[in-house]
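A.B. asks: Position in the sequence shown (first residue = 1) + 139 = my numbering.
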Amino acid sequence: MTESTAAKQQAPPNLAALPEERLRGITFSFPTGIPGFPLAREFVFEPVEGLSPFMRMVCLNQDNLAFIVVPPGRFFPDYTIEVAEADAERLGLKRPEDAVVLVVVTARKGEEPTANLLGPLVLNPALGRGAQVVQHQSNFDARTPIRPTAPVARA
């Protein structure tokens with residue numbers, strides 16, 4: 140990606156689509172970990188049965204560590220992100236459509252679930268690389284309430 144294409148890009152058009160097929164069977168390396176979990180570096184993604192489009196991001200190198208993630212376009216259709224050229228290069232992304240973007244969901248008992256729009260996960264399935272790309276120059280929040288705009292499948 141060049142500086143101009145990487146500086147401010149709308150999330151790929153298929154952002155609301157389920158990325159399960161693109162992520163299946165791939166171990167993703169997060170070389171610097173993720174904020175708050177610097178030693179958590181190897182992850183796989185698996186569907187949460189009966190709760191599509193939600194997925195589980197399971198850490199392979201730390202026991203009992205997993206996150207719930209979702210494609211942000213399912214709930215935030217106008218969501219856009221910025222991926223700096225250095226981040227795109229580190230992930231090996233040449234075009235925006237090569238990326239899969241997910242956001243971490245927090246669900247506490249008795250509270251409305253929230254999504255971390257401030258720190259989306261940007262993945263390159265072709266190379267098995269991932270990073271949490273904090274949106275420093277944005278007004279996004281790490282605890283944005285999720286309000287369904289697309290149906291959530293329940294078994």
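All C-beta atoms in this analysis are idealised placements derived from N, C-alpha and C, irrespective of residue type, glycine included. Remember, predicted model here, so these are calculated numbers, not experimental data.
1. Mind checking which residues open and close the alpha helix (DSSP H) that includes Glu228?
2. Under the three-state reduction of DSSP, which class applies to Leu204: helix, strand or coil?
3. Whole angstroms is fine: what's the gap from Phe279's alpha carbon to Ile220's?
4. Under 8 Å, with one C-beta from each stretch per pair, do the stretch 226-233 and the stretch 195-205 reach the 3-pair mark?
5. If you check the beta carbons only, do Ala270 and Phe169 fall under 8 Å apart?
6. Got a sec, what are the start and stop residues for the alpha helix (DSSP H) Leu262 sits in?
7. Could you tell me whether the Cβ atoms of Leu262 and Ala225 are closer together than 8 Å?
8. Within 10 Å of its beta-carbon, does Leu178 have 16 or more other beta-carbons around it, so buried, or fewer, so exposed?
9. Can you tell me whether DSSP reads Gly212 as helix, strand or coil?
C.D. replies: Well, looking at it:
1. Residue mapping note: residue 228 aligns to position 89 of the sequence shown, counting from 1. It spans 224-230 - the alpha helix (DSSP H) in which Glu228 sits, taken as one unbroken run.
2. Here residue 204 corresponds to residue number 65 of the sequence shown, with the count starting at 1. Three-state result, Leu204: coil.
3. For the purposes of this step, residue 279 is identified with residue 140 of the sequence shown, where counting begins at 1. For the purposes of this step, residue 220 is identified with residue 81 of the sequence shown, where counting begins at 1. The alpha-carbon atoms of Phe279 and Ile220 are separated by roughly 10 Å.
4. no
5. To locate residue 270, count along the sequence shown from 1; it is residue 131. To locate residue 169, count along the sequence shown from 1; it is residue 30. The answer is yes: Cβ separation under 8 Å.
6. Against the sequence shown, residue 262 aligns to sequence position 123. Per DSSP, Leu262 belongs to no alpha helix (DSSP H); it is in the beta strand (DSSP E), 260-263.
7. Sequence index remark: in the sequence shown, residue 262 carries index 123 (1-based). Sequence index remark: in the sequence shown, residue 225 carries index 86 (1-based). No.
8. Position 39 of the sequence shown, counted from the start, is the residue given in the question as residue 178. Classification for Leu178: exposed.
9. Here residue 212 refers to the residue found at position 73 when the sequence shown is read from its first residue. Three-state DSSP puts Gly212 in a helix.
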